Amino acid sequence: MTSSADTRLLEDFLAFTLAGERPAASSGTAPSGVRWTWQGEGVLLLEPARAPTSSVLASAGVHGDETAPIEMLSRLVADIGNGRAPLAARVLVILGNIRAMRAGDRYIDDDLNRLFSGRHTSLRDSREAPRAAELENAALRFFDDAAHPKWHIDMHTAIRASVFEQFALLPHTGEPLARAMFDWLRDARLQAVLLHREKGNTFTHFTAQAAGALACTLELGKVRPFGQNDLARFAASDAALRRLIAGEPAAESAPLRVFTVVAQIDKHSEHFILNVASDVPNFTAFPAGTELARDGDYRYRVSHDEERIVFPNPKVKPGLRAGLMVVDTTDATLESLG
Ligand SMILES: [Zn+2]
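Residue numbering for the sequence shown is 0 to 337, as defined by numbering that gives the first Met the number 0.
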């Protein structure tokens with residue numbers, strides 16, 4: 000028999016998780032026939048009755064106040080449980096920073112999405128550090144020995160406006176870019192993708208590097224409190240994720256612009272001045288020669304014909320990155336795909 004807690008686990012994974020509930024047994028079978036295993040707070044494994052075609056890690060809430068994708072994932076769990084969302088893949092659903100989700104904040108002590116790939120070991124007092132370690136272990140356990148395609152879709156919402164409202168970020172691993180990932184991003188109707196050129200400490204950098212997953216971070220629009228999100232704005236990503244886990248081919252082939260990181264703006268001291276409005280939209284373009292920042296003798300001037308600014312933040316601590324600069328590499332990147 001299924002207890003009421005176990006029913007809530009599948010029917011409202013978000014409420015179940017926020018309430019700190021635990022299932023009576025750690026695993027069971029949903030009405031759809033899908034086998035579920037609760038692996039800890041906010042970590043739920045869903046396995047189809049038949050041999051899986053791929054392994055898909057779907058995560059949200061790595062930033063606790065980015066509510067819309069969390070609600071979207073919770074609905075997906077319910078639909079997998081009741082059979083409305085067919086399942087051909089093994090799926091690991093992860094709600095990331097639960098303590099911050101309860102508080103309605105981005106994080107408590109440290110940005111969880113800067114603590115992966117072992118960086119949590121140098122911040123032992125941070126309340127986010129144990130969660131980063133737990134999520135790394137859950138991801139490695141999930142991808143271990145998987146012979147089929149491995150995917151990780153990590154869903155976020157942005158703080159600021161953007162020229163491209165919905166965009167993706169791909170981690171840098173040194174491996175060639177995968178056409179399958181670009182096809183999926185088009186299916187999800189993402190408008191732009193940003194290619195990193197250096198390793199990072201994000202969740203998707205970790206799964207790409209340590210597990211060889213096709214991993215992307217999605218920025219799906221602006222943050223609102225739980226219950227106030229218009230999930231229709233996220234319908235394309237939701238539909239593409241449902242096709243991915245159902246083993247169905249892409250249905251969309253939307254245009255996709257590609258940008259590659261060419262530089263970063265550094266904050267050296269408290270004298271740092273960013274010469275753009277603090278709320279400038281992501282991907283705002285500037286012509287060659289524009290002085291975007293100064294800090295003592297340091298200047299950042301646009302050196303390409305056109306550069307676009309992403310994630311500008313003059314309020315970071317000195318020594319940290321105050322913005323990324325990217326250039327359009329759409330044609331060269333799409334031609335390079337194998
Ligand atoms: Zn985020």
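Positions of the beta carbon are idealized from the N, C-alpha and C atoms, including for glycine.
The model shown is predicted, which means the values in this text are computed figures rather than measured ones.
For residue i, which option in the options has the closest C-alpha, if you only look at C-alpha atoms?
i	options	result
D144	R241, L333, S53 and S3	S53
E251	D182, N281, S268 and L193	D182
L243	R83, D296, A87 and A77	A87
A50	L43, L94 and A146	A146
L318	K266, L255 and V325	Note that residue 318 corresponds to Gly in the displayed sequence, not to Leu. Per the Cα distances, K266.
P129	A276, E65, R140 and D108	D108
E40	D78, L8, E46 and V326	L8
D304	L114, E127, V326 and E290	V326
D296	S268, E20, F115 and G103	S268
E218	T206, S236 and F205	S236
T66	A276, L45, M100 and R113	M100
Run through DSSP, which three-state label would residue i get?
i	result
H151	strand
M0	With a pLDDT of only 43 at M0, under 50, the local geometry of the prediction cannot be trusted, and the value read off the model is given with reservation. In this structure, M0 counts as coil in the three-state DSSP scheme.
L333	helix
G80	helix
A146	coil
F271	coil
T16	helix
L189	coil
E70	helix
Q227	coil
L45	strand
T172	coil
P51	coil
N281	strand
R34	strand
Please confirm whether residue i and residue j have their CB atoms less than 7 Å apart.
i	j	result
G80	A132	no
A191	F163	yes
A167	L184	yes
A214	P170	yes
V33	V55	no
L43	V92	yes
A212	K149	yes
V301	A321	no
R178	L336	yes
E20	A77	no
P280	S116	no
Exposed or buried, what is residue i when buried is set at 16 or more other beta-carbons lying within 10 Å of its beta-carbon?
i	result
P68	buried
S125	buried
N96	buried
N136	exposed
K316	exposed
I152	buried
T203	buried
G199	buried
A231	exposed
I264	buried
M0	Residue placement at M0 is flagged as unreliable, the pLDDT there being 43, under the threshold of 50; the coordinate-derived value follows with that caveat. Label assigned to M0: exposed.
Q227	exposed
S73	buried
M324	buried
My understanding is that residue i touches residue j, with C-beta atoms under 8 Å, so please give their C-beta distance in whole angstroms.
i	j	result
P85	A245	5 Å
F258	T201	That pair is no contact at about 17 Å.
A59	L94	6 Å
V105	H62	One detail in the question is off: residue 105 reads as Arg in this sequence, not Val. Indeed, because the Cβ distance is near 5 Å, the residues count as touching under 8 Å.
D278	R98	No, D278 and R98 are not in contact; Cβ-Cβ is about 28 Å, not under 8 Å.
A210	A138	6 Å
I308	T283	6 Å
N274	A292	6 Å
V261	E306	7 Å
L189	L75	About 18 Å; that fails the 8 Å criterion.
Measuring only between beta-carbons, confirm whether residue i sits less than 7 Å from chain B.
i	result
F166	Protein chain content of the structure displayed is limited to a single chain, and chain B is not contained in it.
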